[in-house]
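Encoded as structure tokens, the structure appears first; notes follow it.
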Amino acid sequence: MENKAAITGWGWHSPEHTLSNRDLEKLVDTTDSWIRSRTGIRERRVVGPGESTSTMCLAAAKKALDSAEVKAQDLDLVLCATTTPDFLLPATACLVQQHLGAVHAGAFDLNAACSGFVYGITVASQFIQAGTYRRVLVAAGECLTRFTNWQDRNTCILFGDGAAAVVLEATKQNAGVLSAVLGSHGDTEGLLSIQGGGSAHPASVETVAAGMHHIRMRGNEVFKKAVRMMVQSAQEALRIAKLSTRDLNLVVPHQANSRILSATQESLGIDADKMFINLDRLGNTGAASVPLALAELASGNRLKVGDNLLLVAFGGGLTWAAAVVRWADIAAIKRERARRLTA
Ligand SMILES: CC(C)(COP(=O)(O)OP(=O)(O)OC[C@H]1O[C@@H](n2cnc3c(N)ncnc32)[C@H](O)[C@@H]1OP(=O)(O)O)[C@@H](O)C(=O)NCCC(=O)NCCS
Numbered sequence: 003m004e005n006k007a008a009i010t011g012w013g014w015h016s017p018e019h020t021l022s023n024r025d026l027e028k029l030v031d032t033t034d035s036w037i038r039s040r041t042g043i044r045e046r047r048v049v050g051p052g053e054s055t056s057t058m059c060l061a062a063a064k065k066a067l068d069s070a071e072v073k074a075q076d077l078d079l080v081l082c083a084t085t086t087p088d089f090l091l092p093a094t095a096c097l098v099q100q101h102l103g104a105v106h107a108g109a110f111d112l113n114a115a116c117s118g119f120v121y122g123i124t125v126a127s128q129f130i131q132a133g134t135y136r137r138v139l140v141a142a143g144e145c146l147t148r149f150t151n152w153q154d155r156n157t158c159i160l161f162g163d164g165a166a167a168v169v170l171e172a173t174k175q176n177a178g179v180l181s182a183v184l185g186s187h188g189d190t191e192g193l194l195s196i197q198g199g200g201s202a203h204p205a206s207v208e209t210v211a212a213g214m215h216h217i218r219m220r221g222n223e224v225f226k227k228a229v230r231m232m233v234q235s236a237q238e239a240l241r242i243a244k245l246s247t248r249d250l251n252l253v254v255p256h257q258a259n260s261r262i263l264s265a266t267q268e269s270l271g272i273d274a275d276k277m278f279i280n281l282d283r284l285g286n287t288g289a290a291s292v293p294l295a296l297a298e299l300a301s302g303n304r305l306k307v308g309d310n311l312l313l314v315a316f317g318g319g320l321t322w323a324a325a326v327v328r329w330a331d332i333a334a335i336k337r338e339r340a341r342r343l344t345a
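Per this note's numbering: the sequence shown = residues 3 to 345.
Structure below.
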């Protein structure tokens, strides 16, 4: 039987500082009730001095390794999904790999914006299914508030910071990543972008004066595409996994906006109580949003062996991604690992 990639450990990190809608009322012309009714967000976490994407990913990664009972030196690959890396060079994944002491692991970043984690576990799953690697750490983290224009009420109300990580391991169980669908439609219209600081517009006094280092978004247009592509990719991922929406125990969606989530849930014909939502507390945390939700569910013992989960996301790029993940018998994978070590 072929290898599948099962999640065996998880961890997350949310910065301590909370920014509420009331706090935002003091910064821009907005209200708590407007933000809650249009987005579902009440508050979000914001990084403090000394924190960055790599420090949050590192904290989440250490917890994921602890929960999987895997040593850093036993990792084959460290992958980091982020749109807000510490630096253009080196990759954030390399910083995490070094600080973890994952001395036998390759490391690279993956930028698929808010779909990044689902892209990441898809890549990890390919390496594991091919037999190239046994254990891959996929971290996803964002410091979106460092790229936020605090005078733009269209965007500054949406985003928050955080990170989460999972360990994926080879298993012969019929569990783990069962299917994945990735999609993209290159955003040449500036629907959602950060245009300054790259090779097209290297950082300069002019790019900073023009605010090109900030997130820019045409929210309404992003909204419509998000619903359409999340629904289509979710249906395709279910079809490949030979499952229907009735077989799903939970949907773990990208936490962008509660209205996007309701529209997606209704179009898919899924019960509202199967959609996991934590955006009221965390806002839109980009690539970190799906694994933050997943790690919260797993830590709360909400996931049982054999549960079918639908992970679905949409983001800048534009990108979208959906994956069906069956929750594995993690205790059995740990026993098998211990048996191999003593054999
Ligand atoms: C951004 C978003 C919340 C805006 O909600 P919306 O219902 O589409 O609102 P609109 O953009 O049509 O704006 C409606 C009005 O509210 C105003 N408005 C925008 N932001 C506001 C705010 N924070 N507070 C108060 N009013 C606001 C607009 O200026 C506009 O006023 P006008 O009618 O006088 O021009 C919504 O479009 C959205 O969530 N889009 C998806 C964004 C997203 O998820 N991006 C990340 C993808 S991963």
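We put the CB at the ideal spot given by N, CA and C, even for glycine. Just so we're clear, the structure is a prediction, and the values are computed from it rather than from any experiment.
The Cβ atoms of Cys158 and Thr86 do not sit closer than 9 Å to each other. In this structure, the C-beta of Gly143 stays at least 8 Å away from each heavy atom of ligand 1.
Arg38 and Leu284 have their C-alpha atoms roughly 13 Å apart. Inclusion of Ala167 and Ala132 in the CB contact set at 9 Å is not warranted, their separation being larger than that value. Here the C-alpha atom of Val326 lies approximately 46 Å from the C-alpha atom of Val207. Shortest Cα-Cα distance from Thr134 to any of Asn5, Ala228, Thr32, Asn303 involves Asn5. If you draw a straight line from the Cα of Gln234 to the Cα of Val179, it comes to about 18 Å. Within its own chain, the residues whose Cβ lies closer than 7 Å to the Cβ of Ala95, once the five positions on either side in sequence are excluded, are Val80, Leu81, Cys82, Ala109, Phe110, Asp111, listed in chain order. Sorting Thr55, Asp25, Lys73 by C-alpha distance to the C-alpha of Leu343 places Lys73 at the top. Taking 9 Å as the cut-off, the Cβ atoms of Ser291 and Cys116 count as close. At least 9 Å separates the beta-carbon of Lys276 from that of Val307. Burial of Ser16 is indicated by the presence of at least 16 other C-beta atoms within 10 angstroms of its C-beta.
Counting along the chain, Val233 sits inside the alpha helix (DSSP H) bounded by residues 221–242.
Taken through DSSP and simplified to helix, strand or coil, Arg137 comes out as strand.
The Cβ neighbour count for Ala212, taken over all protein chains shown within 10 Å, is under 16; the residue is labelled exposed. Per DSSP, Arg328 is one residue of the beta strand (DSSP E) stretching across 321–328. Listed in chain order, the beta strand (DSSP E) runs fully inside the segment 237–283 are 252–255, counting runs of at least 3 residues.
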